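Undergrad:
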Amino acid sequence: MSLLEGKTALVFGVANNRSIAWGITQALHKHGATIGISYAGEVLERRAKPLAESIGCTFVEPCDITKDEEIEQIVAKAADKFGQIDILVHSIAFANREELIGPYYNTSREGFHLAMDISVFSFTALAKAFQPMIRPGGSLLTITMQSDRLFPGYNVMGVAKAALDASVMYLANDFGPQGIRVNAISAGPIRTLAAMGVGTFKRMYKHFAEMAPMRQNVTTEDVGNAAVFLSSDLASKTTGEVLFVDSGINFMGAPPQTED
Ligand code: NAD
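Following this line, the structure appears as structure tokens:
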């Protein structure tokens, strides 16, 4: 049975074949969804277009999420192409590299605003812009990273994720009466373009499989499969949730016991 047969999904945040957004796109496609893809701008066009073609997706549109007029344009194009949609995936984040090194208190006002705008507000902006064209039974999804723990060097992005998680609850409350659900997936570390911008990522990635109960790293396929569940009717009463796809590391209070 195709879990997403008859549903249309719009995925924001495909930068390349390592992107979590691409793992999600592939999984949604595999389970029968009609797909539209959005990427950030011209530089990424040459990567996004061939990926879209490989799954027969003909809606591949740019949208710089910091620009209201580009959001309006993609809404109009999506309305033209699909009429209504069922699934919206937001897999977008950005912070200046210098904000992800050293102490958090060095975060600049400008850097704080930029990280919050791209990584947090954009989800709310997309939710508002697409609200009139999401069918009842629809699902909005974003990607977070456990925001009730501190990851050294994650800095303003950790603060942004806390705000993103709060946005998920507020949006779930707003969209609930329309029969639309809003959730997040908290992913374990995956080697992507965005992750490489975090100064401490390599160390975090290296130790993850030793620390996590399942002793396995997380893949974009794992996140994609969880996204299929949350976007499908199987999750019909799940909203305002953060689902962990992290080999169980979120509940560990100390490193696992070893022989020595
Ligand atoms: P990625 O670099 O592949 O994706 C980030 C995306 O954000 C890119 O497609 C980029 O173009 C887009 N973006 C940045 N600025 C934008 C703008 N102004 N307008 C439109 N798009 C813009 O990296 P990723 O790891 O796949 O990141 C996707 C999401 O997953 C992010 O929210 C990230 O914080 C989250 N996440 C990643 C990890 C990880 O370890 N990789 C873990 C937990 C959560």
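Residue numbers in the sequence shown follow the working numbering, run continuously in steps of one, and reach 261 at the last position.
Don't be surprised by glycine CBs; every beta carbon is placed ideally from N, CA and C.
Since the structure is predicted, the reported quantities are computational estimates derived from the model, not experimental observations.
In terms of residues, what are the limits of the alpha helix (DSSP H) holding Ser-232?
TA: Start at 1 with the first residue of the sequence shown, and residue 232 comes out as number 231. From DSSP, the alpha helix (DSSP H) with Ser-232 extends over 221-232.
Undergrad: If you drop the 5 nearest sequence neighbours on each side, which residues of the same chain put their C-beta closer than 6 Å to that of Ala-96?
TA: By one-based count along the sequence shown, residue 96 stands at place 95. Ala-116, Val-157 and Met-158, listed in sequence order.
Undergrad: Would you decide whether Ala-255 is buried or exposed? Buried here means 16 or more other CB atoms lie within 10 Å of its CB.
TA: Translated into positions along the sequence shown, residue 255 becomes position 254. Ala-255 comes out exposed.
Undergrad: Quick one, which of Ile-102, Met-134, Gly-198 and Lys-162 has its alpha-carbon nearest Gln-85's?
TA: As a first step, residue 85 is located in the sequence shown; it is residue number 84 there, counting from the start. Closest by alpha carbon: Met-134.
Undergrad: Report the residue ranges of all alpha helix (DSSP H) runs contained in full by the stretch 51-107; include only those spanning at least 4 residues, in chain order.
TA: 69-83
Undergrad: For the putative contact between Ala-34 and Ile-75, defined by C-beta atoms under 8 Å, what is the C-beta separation to the nearest angstrom?
TA: Indexing the sequence shown from 1 puts residue 34 at position 33. Indexing the sequence shown from 1 puts residue 75 at position 74. That pair is no contact at about 18 Å.
Undergrad: May I ask which residues mark the beginning and end of the alpha helix (DSSP H) holding Val-160?
TA: Translated into the one-based positions of the sequence shown, residue 160 becomes position 159. Where Val-160 is concerned, the enclosing alpha helix (DSSP H) stretches over 156-176.
Undergrad: Considering only C-alpha positions, which residue in the set Asp-247, Gly-200 and Gly-225 is nearest to Pro-104?
TA: Your numbering for residue 104 matches position 103 in the sequence shown. When only C-alpha atoms are compared, the closest one is Gly-200.
Undergrad: Is any non-hydrogen atom of the ligand NAD found closer than 6 Å to the C-beta of Ala-188, if you look at the structure I gave you?
TA: Position 187 of the sequence shown, counting from 1, holds the residue named residue 188. Checking every heavy atom of the ligand NAD against the Cβ of Ala-188, one is found closer than 6 Å.
Undergrad: Just to confirm, does Phe-122 get its C-beta within under 6 Å of one of the non-hydrogen atoms of the ligand NAD?
TA: In the sequence shown, counting from the first residue as 1, residue 122 sits at position 121. No - the ligand NAD has no heavy atom lying nearer than 6 Å to the Cβ of Phe-122.
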